[in-house]
Amino acid sequence: MDTKVRVRFAPSPTGPLHIGGVRTALYNYLFAKKHNGDFLLRIEDTDQTRFVEGAEDYIKESLEWCGISYDEGPEKPGDCGPYRQSERKAIYVDYVDKLLETGRAYYAFDTEEELDAKRKEAEKEGTKFSYGPKNRDTLNNSLNLTSIQLNEKLSNGEDYVIRFKTKTSKTLELYDEIRGFIEVDTEVLDDKILFKSDGMPTYHLANIVDDHLMKITHVIRGEEWLPSLPLHVSIYEAFGWEVPKFAHLPLILKPSGKGKLSKRDGDQLGFPVFPLEWKDPKTGSLSSGYREEGYFPETLINMLALLGWNDGTDQEFFNLETLVQKFELTRVHKSGAKFDPEKTEWFQHHYLQEQPLEQLSSEYLNFLAEKEIYPDKAYTEVVVKTIRERASFVSQFWDASYFYFEAPKHFDEKSAKKAWKKDTAEWMRALIGKLESLEDFSQTFVQTEVKDWIQTQGLGFGKIMQPLRLALVGAMQGPDVFHIASSIGKEEVISRLNFAIETLS
Ligand code: GLU
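In this text, residue positions in the sequence shown follow the numbering used here: the first is 149, and each later residue adds one.
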């Protein structure tokens, strides 16, 4: 029997989740669901100095809003919990002890000052200090101490860290599902810290131990972790554990293609880089979020899915379900993916057209209520249905439809100049006479009657239609004039015509 696919999203709660993180979660989710596997959420909070209040809740709320649900996680216990690393401290102690016993890790007592001095020395010589196979024999660590000396230091309570002992002269053959084979000479690696004297493991140790204990089969994560791959594979080997498969996702680049899309870019360039709005608990500063800006989660999902992946066809619209069917790790690109805010808006326009009319209308009704406008629900639905194609956000409905709810208070100057001539007032008075005579005020009836009337007067359509639109809307925009007329009703049409005559003549 094949082993069940198990993947995880393992964010550190150090701030709001960047959309790059949401994409990592999404690809993991898609891969898991495609293979009937499990998707886990693990909170990597071992670095207490970087812990940010509210960040974990933010991560969970973001995933929920996007519809990326996990099978196991902090509030969804499975067989491998707890799923928050700060609650697994005792586990890591046991495992680092194993590495110490087998000689694959060692205690290092070098103080910060000592290491700083070494760094400065190396800098002077134009090199970079690195704690590893080449110099560890000359440094202040247990490799150079007798067991009696070591025990003495430990019982004296001296500060220490535990470092991984990288193998010397070994070529590692690594494989990445997206990038293929990578060869690394272990000589270039340093002996990374696995455990700190505060009793906490570092990311590297905790991440490997947990991936192993949580039976993770595929590690899918951002490209920034690729440099850690040799170390991670070495740690698996040191434990004698099977190595999971790895896939490092391409970077998300700025719209210009120059450099990584950073947290600061969004607010500078005018689009959100976070799924939800985030208020920094320390500074109080606010970063915009897709949800609060009125985007649909479908938009964000579709946009993120295509940032680094496609299905090999020209298809551009994908919802979560179709993505699950189509997603392949092998179709993830190697090179960075340029973030494209205009494309995002294009997706948003599409998904706005797909939303249930009732939902859009009820959102619009809330918006209108804030303006103390309380129209009929059915009426609002008709309006939304008519103008939704002109909008990408519910917040754009008002500009596209205010004239269904209130009379224009002024007239666009340019349009007035173009549409309102010397004899227009006279013709509009005649038009009022015509409209008054109509028994039926349905769109098609008014349209036929008015058009016939224009023809019998021997006029061009523009001569009547343009000022009529101007009177009803206040500008040269909006859907079919007869739709507007029949929606607001005969009396209102006549009153707006009279107001235009008074104002513009
Ligand atoms: N905690 C790491 C992060 O914040 C996870 C990296 C990984 O997935 O291995 O990105």
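Every residue gets a Cβ at the ideal spot worked out from N, C-alpha and C, and that includes glycine.
Inside the region 155-215, DSSP marks whole alpha helix (DSSP H) runs of 4 or more residues at positions 167-182 and 203-214, from first to last along the chain. Relative to the Cα of R369, the nearest Cα in the group L377, K519 and E597 belongs to L377. Inclusion of A158 in the 7 Å shell around the ligand GLU follows from its C-beta lying nearer than that to a non-hydrogen atom of the ligand. Residue side-chain check: V357 keeps its Cβ at 7 Å or more from all non-hydrogen atoms of the ligand GLU.
Non-local beta-carbon contacts of I167 in its own chain, meaning distances under 6 Å to residues more than five positions away in sequence, involve V421 in chain order. For I310, no alpha helix (DSSP H) encloses it; the enclosing beta strand (DSSP E) starts and ends at V309 to F312.
Here the distance from the Cβ of E440 to the nearest heavy atom of the ligand GLU is not below 7 Å. Using a C-beta cut-off of 8 Å, the region 399-409 makes contact with the region 479-488, since at least three inter-stretch Cβ pairs fall below that distance.
Apart from sequence neighbours up to five positions away, the residues of its chain that approach Y438 with a beta-carbon distance below 7 Å are P420, P423 and L448, ordered along the chain. Counting other Cβ atoms within 10 Å of its Cβ, V598 reaches 16 or more and is therefore classed as buried. Here D524 is exposed, its C-beta having fewer than 16 other C-beta atoms within 10 Å. Residues Q591, V594 and Q595 of the same chain have their beta carbon placed closer than 7 Å to that of F630, with the five preceding and five following residues left out of the count. By the criterion of a C-beta distance shorter than 8 Å, T478 is surrounded in its chain by E325 and I326, once the five residues flanking it on both sides are discounted. A straight line joining the alpha-carbon of S585 with that of I632 spans about 19 Å. Excluding the 5 residues flanking it on each side, L188 has same chain C-beta neighbours closer than 8 Å at R154, V155, R156, F157, Y218, D219, E220, G221, G226, C228, Y231, M362 and I364, in chain order. Annotated three-state conformation of V153 is coil, per DSSP. Residue environment for T319: exposed (fewer than 16 other C-beta atoms within 10 angstroms of its C-beta). Relative to the non-hydrogen atoms of the ligand GLU, the Cβ of E192 comes within a distance shorter than 7 Å of at least one.
For K224, the pairing in a beta bridge is given by DSSP as G221. The beta carbon of G251 is closer than 8 Å to those of K313 in its chain, skipping five residues each way along the sequence. Ranked by how close their Cα comes to the Cα of H366, the residues N292, R644, R284 and Y175 have Y175 in first place. Separation of L353 and S433 (C-alpha to C-alpha, rounded to the nearest whole angstrom) is 34 Å.
Using a 10 angstroms sphere on the CB of H380, the tally of other CB atoms reaches 16 or more, which defines it as buried. Looking at T534, Y206, T172 and D359, the one whose alpha-carbon comes closest to that of I383 is D359. Around K474, the same chain offers D459 as residues with beta carbons nearer than 6 Å, after the five sequence neighbours per side are excluded. Contact annotation: the region 529-548 touches the region 493-509, with at least three C-beta pairs closer than 8 Å. Within a 10 Å sphere around the beta-carbon of Q614 sit 16 or more other beta-carbons, which makes this residue buried. The beta carbon of V367 sits closer than 7 Å to at least one heavy atom of the ligand GLU. Residues D307, Y308 and V309 of the same chain have their beta carbon placed closer than 8 Å to that of S345, with the five preceding and five following residues left out of the count. Within the DSSP secondary-structure output, I330 pairs in a beta bridge with L322. As summarised for the region 332-384, the continuous alpha helix (DSSP H) elements at least 4 residues long and confined to that stretch are 351-361, given in chain order.
Annotated three-state conformation of N292 is helix, per DSSP. The shortest CA-to-CA distance from N289 to any of A256, E262, S278 and L263 is the one to A256. Put simply, the backbone Cα of K224 is about 55 Å away from that of A623.
The continuous alpha helix (DSSP H) containing K266 extends over residues E260 to K272. The Cβ atoms of L618 and S563 lie closer than 8 Å to each other.
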